[in-house]
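Before any comments, here is the structure.
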Amino acid sequence: MVLAQARPGETRHLLSVEQSLQELQAQIFEYQQELASLQRNAQPLDQTLANSRVAPFKIMKSAFDRVFQETPFMPASSSVLPALLSLRQAHQTVDESRAYVATQGVSIERANNQLLAEKASLNDQKQLTASLEKRIESLNEELTNHMDTDPEDAARERMDELRQKQKQYARETSRLLKDLNKFIDEHLASQLAAEDLGGPVVFRGCCSMTAIPPL
Numbered sequence: 114m115v116l117a118q119a120r121p122g123e124t125r126h127l128l129s130v131e132q133s134l135q136e137l138q139a140q141i142f143e144y145q146q147e148l149a150s151l152q153r154n155a156q157p158l159d160q161t162l163a164n165s166r167v168a169p170f171k172i173m174k175s176a177f178d179r180v181f182q183e184t185p186f187m188p189a190s191s192s193v194l195p196a197l198l199s200l201r202q203a204h205q206t207v208d209e210s211r212a213y214v215a216t217q218g219v220s221i222e223r224a225n226n227q228l229l230a231e232k233a234s235l236n237d238q239k240q241l242t243a244s245l246e247k248r249i250e251s252l253n254e255e256l257t258n259h260m261d262t263d264p265e266d267a268a269r270e271r272m273d274e275l276r277q278k279q280k281q282y283a284r285e286t287s288r289l290l291k292d293l294n295k296f297i298d299e300h301l302a303s304q305l306a307a308e309d310l311g312g313p314v315v316f317r318g319c320c321s322m323t324a325i326p327p328l
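For the sequence shown, the numbering used here gives the first residue as 114, with consecutive numbering after it.
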């Protein structure tokens, strides 16, 4: 029914497929017959040979020798079996290639992420190296300046720095004392006066407070 409805080219292809299928079935039937004949005519295995360690190797050698002497199965020239085998191998190759590409895609993505991380780490290392180089250069310049300076000049410069810091400290101390006296005059003076007149005690439990004279 299928052959009757098929086109001429398709009919030849279907006939080739049918012929190849019949060849395979005939070959399978021949192998089955040969296997049944071997089972019927099988001789009991020698117990000494069965217990020998080389027995399996002798059996395999005998089987290989027999297969080697037989004419291999070759399909007819019009058979589509070679084409089907090639097509199956091609499909298998395509599937394996797709699986390989998928795994390589994951590996490439992992490698790219690692590369980005390595680039970021390298950039950080470069910045750190540049900072260290600048610091070393600054220290070298400072050391060179100190080496070029006379010890007496260096001591004089150090004393000048200390005097400047002492003056700055004195100015800060004076400013703080002025702020403290101002706070006492504006906020605590009236409260202390009220305390002297019998009002609430401003500093309970503390010693008497003396105003700090202005500088």
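No residue lacks a Cβ here, since even glycine has one placed at the ideal position from N, Cα and C.
- Determine the DSSP secondary structure at R153, reduced to helix, strand or coil. Reading the sequence shown from its first residue, position 40 is the one you call residue 153. R153: helix per DSSP, three-state reduction.
- Can you grab the Cα-Cα spacing for the pair D292 / A302, in whole Å? Position 179 of the sequence shown, counted from the first residue, corresponds to residue 292. Position 189 of the sequence shown, counted from the first residue, corresponds to residue 302. Approximately 14 Å, taken between the alpha carbons.
- If we ignore side chains and look at the alpha-carbon of each, how far apart do Q217 and L128 end up? Working through the sequence shown from its first residue, we reach residue 217 at position 104. Working through the sequence shown from its first residue, we reach residue 128 at position 15. Distance between the alpha carbons of Q217 and L128 is about 43 Å.
- Message: Mapping the DSSP letters down to three states, classify R223 as helix, strand or coil.
- Response: To locate residue 223, count along the sequence shown from 1; it is residue 110. Reduced to three states, the DSSP call for R223 is helix.
- Message: What residue range does the alpha helix (DSSP H) around S175 cover?
- Response: Translated into positions along the sequence shown, residue 175 becomes position 62. Residues 168-182.
- Assign V193 to buried or exposed, taking buried as 16 or more other Cβ atoms, counted over all protein chains shown, within 10 Å of its Cβ. One-based indexing of the sequence shown puts residue 193 at position 80. When all chains shown are included, V193 counts as buried.
- Query: Between the region 134-150 and the region 197-213, do three or more beta carbon pairs fall short of 8 Å?
  - Reply: No: the two stretches stay apart, fewer than three of their Cβ pairs being nearer than 8 Å.
- Task: Let me know if S133 comes out buried or exposed under the rule of 16 or more other beta-carbons within 10 Å of its beta-carbon.
- Result: Here residue 133 refers to the residue found at position 20 of the sequence shown. It is buried - the Cβ of S133 has at least 16 other Cβ atoms within 10 Å.
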